[in-house]
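Colleague: Read top to bottom, the protein sequences are chains H and Y.
Residue 1 is where the first sequence starts when you use UniProt numbering, and the numbers rise one by one after that.
Residue 1 is where the second sequence starts when you use UniProt numbering, and the numbers rise one by one after that.
Using N, Cα and C, we set each Cβ at its ideal position, and we do this for glycine too.
Have a look at the structure that comes next, please.
Number of protein chains: 2
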Amino acid sequence: MSPKITTELLKQLRQVMKNPKYVQEPVQAYIVPSGDAHQSEYIAPCDCRRAFISGFDGSAGTAIVTEQHAAMWTDGRYFLQAAHQMDNNWTLMKMGLKDTPTQEDWLVSVLPEGSKVGVDPFIIPADQWKRMSKALRSAGHDLVPVKENLIDTIWTDCPQRPCKPLITLDLSYTGGSWRDKIVALRSKMAERKVLWFVVTALDEVAWLFNLRGSDVEYNPVFFAYAVIGMNTIRLFIDGDRMMDPAVREHLQLDSTLDPEFKIQVLPYGSILSELQAVGAGLSPKEKVWLSDKASYALTEAIPKAYRYLTPYTPICIAKAVKNVSETEGMRRAHIKDAVALCELFNWLEKEVPKGTVTEIIAADKAEEFRSQQKDFVELSFATISSTGPNGAIIHYKPVPETNRTLSVNEIYLLDSGAQYKDGTTDVTRTMHFGTPSAYEKECFTYVLKGHIAVSAAIFPNGTKGHLLDSFARSALWDCGLDYLHGTGHGVGSFLNVHEGPCGISYKTFADEPLEAGMIVSDEPGYYEDGSFGIRIENVVLVIPAETKYNFKNRGSLTFEPLTLVPIQTKMIDINLLTQKECNWVNDYHQKCREVIGAELERQGRHEALQWLMRETEPLLRVQ
Amino acid sequence: MSPKITTELLKQLRQVMKNPKYVQEPVQAYIVPSGDAHQSEYIAPCDCRRAFISGFDGSAGTAIVTEQHAAMWTDGRYFLQAAHQMDNNWTLMKMGLKDTPTQEDWLVSVLPEGSKVGVDPFIIPADQWKRMSKALRSAGHDLVPVKENLIDTIWTDCPQRPCKPLITLDLSYTGGSWRDKIVALRSKMAERKVLWFVVTALDEVAWLFNLRGSDVEYNPVFFAYAVIGMNTIRLFIDGDRMMDPAVREHLQLDSTLDPEFKIQVLPYGSILSELQAVGAGLSPKEKVWLSDKASYALTEAIPKAYRYLTPYTPICIAKAVKNVSETEGMRRAHIKDAVALCELFNWLEKEVPKGTVTEIIAADKAEEFRSQQKDFVELSFATISSTGPNGAIIHYKPVPETNRTLSVNEIYLLDSGAQYKDGTTDVTRTMHFGTPSAYEKECFTYVLKGHIAVSAAIFPNGTKGHLLDSFARSALWDCGLDYLHGTGHGVGSFLNVHEGPCGISYKTFADEPLEAGMIVSDEPGYYEDGSFGIRIENVVLVIPAETKYNFKNRGSLTFEPLTLVPIQTKMIDINLLTQKECNWVNDYHQKCREVIGAELERQGRHEALQWLMRETEPLLRVQ
């Protein structure tokens, strides 16, 4: 990797920072955050402005350019990558290290008195604006919104914003019509006494209207906003995709509907002016509901007294609780996904010893097998196919420079998933195609014990996921080991593979209580720098648990694995398992045999079926 | 309990709320919080203003009196008690119930437009002031500080503020001189670039100067403030106790010291004017460090730009990590405490079957045995001596109206502790003096499993206590049971039995990471309303743990029980214990035999020793 040469680009940016065509007054610093206007985790190429200006294309980072300096803040995952990708115009600010200044402190230290700091108000979330603005103001500077994105003004070959066709999902997939969802949303709005709700997250728009798109890789979403009133529905979306008869029919655009379900389609770019008009027309006590992570621009469109901000929107919370159709769809998707992985692992078992399979070949093969399954749409994230030391890089993605050949001497970690029209998958298996060492088996078994401890946990209704995180670590902790990531994240239903508002993590973020129907991942791991990585990940469904007693009638919950892919028994040191854990593994494998075995049979995949049967032989524990 | 008649008092209060002698302008509402000027958990009689005005004397509650209304907010622990103690001038506001308004919402609903709401600025913490002031202002009202406490103006027989003699603690108890502590504090101040530190919490003043008092029951503290500069020390304290030669010698008040260790003694009441003088004399960038829970009055004395507020002060954090002298003192205190409890339980075993022992008698007997021990000072909290259904009332304290006789048919729960000059104790044991039912044993055993899971947990250095809370609940959760309180709290060293900044709780409060030397309680429980209560509590010391591996060289921690009192094996259903848990109980009891047995022997308490030996017979698990 050679760094991107940015001297000329920075010169151009510094010019537009003073150009009255774009800024009312010159700005002495310009902030280039990672995100798009919807605070998406995955962004479209046209939104990769920070990568364009700096060369650094990791998933997290903020660039700040002043007249003299250019600095990039990123976290430990990306220190090496950022250092390689950026030229020496840039200073790398290593977040999490003690001596690294915050963006605010750094700005205060380098800016001349009374400076203006510019940022695109559509990209910066309102809560971040507030924090940064306050810090700058107290040091005598000003954070100012710059309407035109200054990177876009110098990005001559900026890709077009994608505008791909939409997929309509019928009731058999969604379990609820968009009209039902609007009714439920309006009832939440009435409860909170708000008159308007602004949908800013792409997956929330997609979920609400039972539509999917492909504007962003891996996430089946499309660029749009929506503003829902008590009697009106406005959808802000571009392109001729609204001309598609299937979409028009789905949204009933041409029917004479009850007026409160009539969808008014408006250009994507008109959201701000329309919202400003809503804001200007409010009477006292009329409120507009927005996520507190919505952009500063949209938040400001509503006068402060009329805003009702929450960390999670009612759509985010409703979307997290899957109904029967969604749950059944997720089950089907996971069965197909397991079939593909049985094929893959059977193939790897034969091919790896030949020394011809690289990480990239294995990842491609996984995609090939998945794409043979019904309703396959695309992958749900970039496949982490890693062997030996690469496995210890938690967010690894094989590229030609790092591509390693799988062998019978190294542990192989595959974290992959797909979007099917009926569901989203995300599974990690750690395999050895030769003979694992005693130490590798020991570590794998601790990770497995943690995986089981979460998966089999029984806990009261209303428990927050972060209270389960330590269960996943306890066996590792006992031996002085640990892993430096959370244990699980929410998973969408043919939507984003990472979604709120629930999860399982030691980080005290504001997670919502777990309830039956939510779907999360369970993925403890162990990573040894320079040697290997281990992770065991299932997607699990929150279900009611039967318990002997029922304290205060609260009811209990537990998890049901949706992922049904064998856990390699060769990697297990059975002496480290309790009888209960041993039974869990055997029951899990029995279920894999029954459910996935039947599907392999049905699909006529006999060799993979034999592999499945071999891999799911019961563990026998010497008493 | 008959309610307090408050008609006349409320009339008087409403008069002074309009009396220009006390208020610049009439206030339409007056808030009477629970606390004292130091945000203490336990308060002196002269500070029980809310109890005086309302009759309700529970530990938590806020009264608000308007011209028309009088309302009391308290939580679920006190609904019954408050209803009994207050006459019908008062409306009970049951906190935690859905329909109960917040104080702010209620005020807004009852006050005439543009009202003034008064409060004593010395009693309300700055963070609460801020929240309430903002809510009132946005509804057109004003929160105003009323300098003279209005309750005090009508409380004709208000007790004097206590001003009891001080105890000086030498190095053998404290392990560090007050000069050392000042040096360490100043170095923390230099790190944060602050010039002044204001000590407002009573236990922090006591700890800093190695002094103890008895102004507040159960807490060996005294009324004082301190203001520490880089070269000055000001102690604000009343009474002739500063005339005590031992105290003068201890504080070196009469020596010609280095000027930066010269303590200037000032009247308790002069803190505000002195702090205002400090505030007025600050130059730009000079900061004053205060707890964010300090009173509004003291916080306001420092102009906003000069304040440095943190949730935990450097003294709070330093105080939590006990040094070797403190740890050894805590060990000694717990040995003496265990001797007293062995005597008590031996006595109860003989006396309970006679039917003559009530909860109050048992509590008094516990105090009697404790008081026989060396360096006993007082109890560390009101003894919870509860049998049968009273055990299910988590914060029970026996009074004549509720006093129940112990019997061989009911579970007995004793949660008690003492202040010794060398340490503070807090221990709960749950006993049966007859034959417990299978269900009682089952529940007890789940609680025990939770207690052991925390006590034996191994976890990385820097882990926060809240990450351990679920370990204590897991066995209960498996059967659909739970308890509705946290698992542990920090414990002072001959100081407050509850102290920050660490603890073990599902509540996500800002706890500081655990480190070796910290001392917390481990006290899971199970409570069945109307039937029984079970709790098993040890005080445990955080110690380094030896582990097989050492991930990232972080090191690991675990707990060592300081409490060494037998856990009644009669209550254990051994079939529900794993071999590891069984071993834990046997090892624990072996240690009780060795350590407490030796001390009972030394003190010639042979009958109690025999009881100890009987109660610590090893559990034998059928394989």
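Alpha carbon to alpha carbon, how far is Y:PRO267 from Y:ASP522? Give it in angstroms, no decimals.
Modeller: Numbered from 1 along the second sequence, position 522 holds the residue referred to as residue 522 of chain Y. Numbered from 1 along the second sequence, position 267 holds the residue referred to as residue 267 of chain Y. So the alpha carbons of these two residues sit roughly 41 Å apart.
Colleague: Could you check how far apart the C-beta atoms of Y:VAL540 and Y:GLU560 are, in whole angstroms? I think they sit under 8 Å.
Modeller: Taking the first residue of the second sequence as 1, we reach residue 540 of chain Y at position 540. Taking the first residue of the second sequence as 1, we reach residue 560 of chain Y at position 560. Going by Cβ atoms, the distance from Y:VAL540 to Y:GLU560 rounds to 6 Å, so yes, they are a contact pair.
Colleague: Taking Cβ-Cβ distances shorter than 8 Å, what residues in chain Y pair up with residue 624 of chain H?
Modeller: The structure shown does not extend to residue 624 of chain H, since chain H is modelled only from 1 to 623, so the question has no answer here.
Colleague: Just list the residues that DSSP pairs H:PRO528 with in beta bridges.
Modeller: Within the first sequence, the letter at position 528 stands for residue 528 of chain H. For the record, residue 528 of chain H in the displayed sequence is Glu; it is not Pro. H:PHE532, per the DSSP bridge assignment.
Colleague: For Y:LYS188, which residues in chain H fall below 7 Å Cβ to Cβ?
Modeller: Looking up residue 188 of chain Y in the second sequence gives position 188. Per Cβ cutoff of 7 Å: no residues; Y:LYS188 is ~16 Å from chain H at best.
Colleague: Determine, for H:ALA139, whether the minimum Cβ-Cβ distance to residues of chain Y falls below 9 Å.
Modeller: One-based indexing of the first sequence puts residue 139 of chain H at position 139. For H:ALA139, the answer is no, since every Cβ of chain Y falls outside 9 Å of its Cβ.
Colleague: Show which residues of chain H have a CB atom less than 7 Å away from the CB atom of Y:PRO460.
Modeller: By 1-based counting over the second sequence, the position of residue 460 of chain Y is 460. By Cβ distance, chain H contributes TRP477 and ASP482.
Colleague: Pick out the complete alpha helix (DSSP H) segments inside the segment 302-348 of chain Y, 4 residues or longer, and give them in chain order.
Modeller: 314-320
Colleague: Mind listing which residues of the segment 539-559 of chain Y have their C-beta closer than 9 Å to chain H's C-betas, in chain order?
Modeller: ALA545, GLU546, THR547, LYS548, TYR549, ASN550, PHE551, LYS552, ARG554, GLY555 and SER556
Colleague: Mind checking if Y:THR487 is an interface residue toward chain H, Cβ cutoff 9 Å exclusive?
Modeller: Here residue 487 of chain Y is taken as the residue at index 487 of the second sequence, counted from 1. Interface annotation, Y:THR487: not in contact with chain H, CB-CB separation never under 9 Å.
Colleague: Over what stretch of residues does the alpha helix (DSSP H) that includes H:ASP522 continue unbroken?
Modeller: Translated into the one-based positions of the first sequence, residue 522 of chain H becomes position 522. Careful: H:ASP522 lies outside any alpha helix (DSSP H), inside the beta strand (DSSP E) at 519-522.
Colleague: Write down every uninterrupted run of the beta strand (DSSP E) in the segment 121-178 of chain H whose length is 3 residues or greater and which is fully enclosed by it, in chain order.
Modeller: 142-145
Colleague: Taking the alpha helix (DSSP H) that H:GLY96 falls in, what are its first and last residues?
Modeller: Locating residue 96 of chain H in the first sequence gives position 96, where the first residue counts as 1. Segment: none, H:GLY96 is in no alpha helix (DSSP H) and carries neither H nor E.
Colleague: Considering just the uninterrupted stretch of the beta strand (DSSP E) at Y:SER416, what are its terminal residues?
Modeller: The residue labelled residue 416 of chain Y in the question sits at position 416 within the second sequence. From DSSP, the beta strand (DSSP E) with Y:SER416 extends over 411-416.
Colleague: What does the alpha-carbon distance come out to for the pair H:GLU260 and H:GLU537?
Modeller: Along the first sequence, read from residue 1 onward, the residue named residue 260 of chain H stands at position 260. Along the first sequence, read from residue 1 onward, the residue named residue 537 of chain H stands at position 537. Those two C-alpha atoms are separated by around 44 Å.
Colleague: Comparing the C-beta of Y:SER474 with each C-beta of chain H, is any distance below 9 Å?
Modeller: Here the question's residue 474 of chain Y lines up with position 474 in the second sequence. Answer yes: the Cβ-Cβ gap between Y:SER474 and chain H drops below 9 Å somewhere.
Colleague: Evaluate Y:ASP170 with the Cβ neighbour count: other Cβ atoms within 10 Å of its Cβ, from every protein chain shown; 16 or more gives buried, anything less gives exposed.
Modeller: Indexing the second sequence from 1 puts residue 170 of chain Y at position 170. It is exposed - the Cβ of Y:ASP170 has fewer than 16 other Cβ atoms within 10 Å.
Colleague: Looking at H:LYS130 and H:ALA29, is the spacing between their C-beta atoms short of 9 Å?
Modeller: The residue given as residue 29 of chain H occupies position 29 in the first sequence. The residue given as residue 130 of chain H occupies position 130 in the first sequence. Contact: no.
Colleague: Which value, in whole angstroms, describes the spacing of the CA atoms of Y:ASP529 and Y:ASP75?
Modeller: Here residue 529 of chain Y corresponds to residue number 529 of the second sequence, with the count starting at 1. Here residue 75 of chain Y corresponds to residue number 75 of the second sequence, with the count starting at 1. Between Y:ASP529 and Y:ASP75, the C-alpha separation is close to 17 Å.
Colleague: H:THR578 CB to nearest chain Y CB: under 9 Å?
Modeller: Locating residue 578 of chain H in the first sequence gives position 578, where the first residue counts as 1. So yes, H:THR578 belongs to the interface.
Colleague: For Y:ARG234, count neighbouring Cβ atoms within 10 angstroms of its own Cβ and tell me buried if that reaches 16, exposed if not.
Modeller: Indexing the second sequence from 1 puts residue 234 of chain Y at position 234. Answer is buried; the Cβ neighbour count reaches 16.
Colleague: With a cut-off of 9 Å, does the C-beta of Y:ALA457 fall near any C-beta of chain H?
Modeller: On the second sequence, residue 457 of chain Y is found 457 positions in, with the first residue counted as 1. Judged by the 9 Å Cβ criterion, Y:ALA457 is in contact with chain H.
Colleague: The alpha helix (DSSP H) that contains residue 624 of chain H, what's its start and end?
Modeller: Since the displayed chain H opens at 1 and closes at 623, residue 624 of chain H lies outside it and no answer follows.
Colleague: I'd like to know whether the C-beta atoms of Y:LEU619 and Y:GLU442 end up nearer to each other than 9 Å.
Modeller: Working through the second sequence from its first residue, we reach residue 619 of chain Y at position 619. Working through the second sequence from its first residue, we reach residue 442 of chain Y at position 442. Taking 9 Å as the Cβ cut-off, Y:LEU619 and Y:GLU442 do not qualify as a contacting pair.
Colleague: Near H:THR327, which residues of its chain fall below 6 Å by C-beta distance, leaving aside the five closest residues on each side in sequence?
Modeller: Your numbering for residue 327 of chain H matches position 327 in the first sequence. Once the five neighbours on either side are set aside, H:THR327 has no close Cβ partner at all.
Colleague: Let me make sure I understand the geometry here. Which of H:VAL27, H:PRO20 and H:LEU9 has the alpha-carbon closest to that of H:PHE52?
Modeller: The residue labelled residue 52 of chain H in the question sits at position 52 within the first sequence. Comparing Cα positions, the closest option is H:LEU9.
Colleague: Y:LYS507 and Y:SER474: beta carbons closer than 9 Å?
Modeller: Here residue 507 of chain Y corresponds to residue number 507 of the second sequence, with the count starting at 1. Here residue 474 of chain Y corresponds to residue number 474 of the second sequence, with the count starting at 1. No. Outside cutoff.
Colleague: Going by DSSP, name the residue or residues bridged to Y:TYR30.
Modeller: Looking up residue 30 of chain Y in the second sequence gives position 30. Per the DSSP secondary-structure output, Y:TYR30 pairs in a beta bridge with Y:VAL65 and Y:GLY118.
Colleague: Could you check which residue in H:PHE122, H:PHE444, H:LEU309 and H:LEU514 has the C-alpha nearest to that of H:LYS570?
Modeller: For this step, residue 570 of chain H is matched to residue 570 along the first sequence. Closest option to H:LYS570, Cα to Cα, is H:PHE444.
Colleague: Is H:ASP203 closer than 9 Å to H:ASN219 when the C-beta atoms are compared?
Modeller: The residue labelled residue 219 of chain H in the question sits at position 219 within the first sequence. The residue labelled residue 203 of chain H in the question sits at position 203 within the first sequence. Yes; because the gap between Cβ atoms is below 9 Å, this pair is in contact.
Colleague: For H:GLY281 and Y:CYS316, what's the separation of their Cα atoms in angstroms?
Modeller: In the first sequence, the residue the question calls residue 281 of chain H occupies position 281. In the second sequence, the residue the question calls residue 316 of chain Y occupies position 316. Between the alpha carbons of H:GLY281 and Y:CYS316 lies a gap of roughly 52 Å.
Colleague: Given a cut-off of 9 Å on the beta-carbon distance, is the pair H:LYS336 and H:ARG307 in contact?
Modeller: Reading the first sequence from its first residue, position 336 is the one you call residue 336 of chain H. Reading the first sequence from its first residue, position 307 is the one you call residue 307 of chain H. Cβ atoms of H:LYS336 and H:ARG307: not closer than 9 Å.
Colleague: Sort H:THR6, H:TYR412, H:VAL339 and H:TYR78 by Cα distance to H:PRO353 and report the nearest one.
Modeller: As a working mapping, residue 353 of chain H is identified with position 353 in the first sequence. It is H:TYR412.
Colleague: By how many angstroms is the C-alpha of H:VAL491 removed from the C-alpha of H:ARG331?
Modeller: Counted from its first residue, the first sequence places residue 331 of chain H at position 331. Counted from its first residue, the first sequence places residue 491 of chain H at position 491. H:ARG331 and H:VAL491: Cα-Cα distance of roughly 13 Å.
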